[in-house]
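In the numbering used here, each number is its position in the sequence shown, counted from 1, plus 4.
Since the structure comes first, as structure tokens, the remarks are kept for the end.
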Amino acid sequence: MNTNTIFLQDLKNLQSRLGLSQNFRGADVSQPVMAGHFQYLAFQSGLSMHVMDAVEHQNTESTMELPEGLSFNFMFSGQINFSFANEKHIIGPDQGRICCSAIINNSSDILTRSMCAGMHIKKVNVFVERQWLENRCKTSNDSELLNHLFTDKRVLHWLPDEEVVAKASQLFTVNQSKGFSGQLEAEFLTMQLLSGCIDQLHQDLNALDEHSDQQSKVAAGNPSLELKHAIDQLLERHDCLHDIATALNMSERTLQRRFQSCFQQTLSAYVRQRRLEKAKCALAIEGRSIGEAAYIAGYNHSSNFVNAFKKHYGMTPSEFLKVHQGVRH
Numbered sequence: 005m006n007t008n009t010i011f012l013q014d015l016k017n018l019q020s021r022l023g024l025s026q027n028f029r030g031a032d033v034s035q036p037v038m039a040g041h042f043q044y045l046a047f048q049s050g051l052s053m054h055v056m057d058a059v060e061h062q063n064t065e066s067t068m069e070l071p072e073g074l075s076f077n078f079m080f081s082g083q084i085n086f087s088f089a090n091e092k093h094i095i096g097p098d099q100g101r102i103c104c105s106a107i108i109n110n111s112s113d114i115l116t117r118s119m120c121a122g123m124h125i126k127k128v129n130v131f132v133e134r135q136w137l138e139n140r141c142k143t144s145n146d147s148e149l150l151n152h153l154f155t156d157k158r159v160l161h162w163l164p165d166e167e168v169v170a171k172a173s174q175l176f177t178v179n180q181s182k183g184f185s186g187q188l189e190a191e192f193l194t195m196q197l198l199s200g201c202i203d204q205l206h207q208d209l210n211a212l213d214e215h216s217d218q219q220s221k222v223a224a225g226n227p228s229l230e231l232k233h234a235i236d237q238l239l240e241r242h243d244c245l246h247d248i249a250t251a252l253n254m255s256e257r258t259l260q261r262r263f264q265s266c267f268q269q270t271l272s273a274y275v276r277q278r279r280l281e282k283a284k285c286a287l288a289i290e291g292r293s294i295g296e297a298a299y300i301a302g303y304n305h306s307s308n309f310v311n312a313f314k315k316h317y318g319m320t321p322s323e324f325l326k327v328h329q330g331v332r333h
């Protein structure tokens, strides 16, 4: 999408093509939400970038489920308010200097971003899913670095050097009318930015984390990781562990023992966690009631769901919704 006037339906169509769920609140569908330059490019499964140099025309909020991955924003102008991992954040240039912000998401989570009428946003975003990175790990050191990056959910900021800023700036002027060569140029620049950002992120995390040597034991490409991905897919179709185990051609007891050995977590606890995550998305994105979310999570009584939600996320469903409403400070 590369247009001068962007409407809400344009953004919804984009999200639909990407297979993402997103909910907009307070937007007038008959009026543009922004005007200027907005362009999105998906290069490979799990890697994408978008550039924006536009003025926002409406006060609205969008809530989406952010996949497990890394999101880097190079902020040239303007300010973005968002809520992620139950905390509110602001990103923008630092005293006139271009700032890079990284969102580290180590499990699927909700992100709510506000738009402010009159705000001029100029930014470059690079997003990469964890699976894309895992597929490119070649050594145990690669796997350890990746596991270190995804130890916690974080939002970090730094001032990139001039060389990195120059590469980010070039993405605003990549000529897509060149077709194949333009696509390759944009992908090349995006890969360079991603590589530099990951190196910087690793350095910053080493400085922040006094226990950075405590890595996850799950290595990329390991069959144990493939087991978790298979379970995630089966949870979409099966409600009980017995059916999941049968689909994987093993006994329920064997599946539980293997899962706990690999991830130091019982399979039952993991299934409850995934169902709570699904219920959380239903609340924030689909606008479901607490009772409906409780049913999605597998609870017959809302009170039990509320207690389980608070135990896992540290806040009740109502408190969670308040965090993702009225994101502006």
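A virtual CB, placed ideally from N, CA and C, is assigned to each residue, including glycine.
Taking only three categories from DSSP, how would you classify residue i?
i, result
"Arg140", "coil"
"Met195", "helix"
"Glu296", "helix"
"Ser147", "helix"
"Thr250", "helix"
"Arg241", "coil"
"Glu60", "strand"
"Phe154", "coil"
"Asp236", "helix"
"Ser185", "helix"
"Phe176", "coil"
"Val159", "strand"
Who are the Cβ neighbours of residue i in its own chain at under 7 Å, not counting the five residues just before and after it?
i, result
"Ala165", "Per the sequence presented here, residue 165 reads as Asp, with Ala not at that position. Excluding positions up to five away in sequence, the list is empty."
"His61", "Gln35, Pro36, Val37, Met38, Ala39 and Ala121"
Residue j and residue i - do their beta-carbons sit closer together than 7 Å?
i, j, result
"Thr67", "Ile294", "no"
"Ala286", "Arg278", "no"
"Gly73", "Glu133", "yes"
"Arg158", "Ile108", "yes"
"Leu280", "Ala301", "yes"
"Val327", "Asn90", "yes"
"Glu65", "Ser112", "no"
In angstroms, rounded to a whole number, what distance separates the CA positions of residue i and residue j?
i, j, result
"Leu70", "Leu45", "17 Å"
"Asn308", "Ala31", "35 Å"
"Tyr299", "Pro97", "43 Å"
"Asp203", "Asp146", "12 Å"
"Ala224", "Asn110", "At Ala224, the pLDDT of 37 sits below 50, so the modelled position is not reliable; the number obtained from the coordinates is stated separately. Cα to Cα, the separation comes out at about 14 Å."
"Leu150", "Glu323", "32 Å"
Would you list the one or two residues that DSSP bridges to residue i?
i, result
"Thr116", "Thr67 and Ser87"
"Tyr44", "His54"
"Phe76", "Ala106 and Val130"
"Arg279", "Partner(s): none; Arg279 has no beta bridge."
Skipping 5 residues on each side, what residues in its chain have a beta carbon closer than 6 Å to that of residue i?
i, result
"Gln174", "Leu193"
"Leu245", "Glu256"
"Val128", "Val55, Phe78, Ala172 and Leu175"
Only counting the same chain, and skipping five residues up and downstream in sequence, which positions put a Cβ closer than 8 Å to that of residue i?
i, result
"Lys16", "Gln26 and Phe28"
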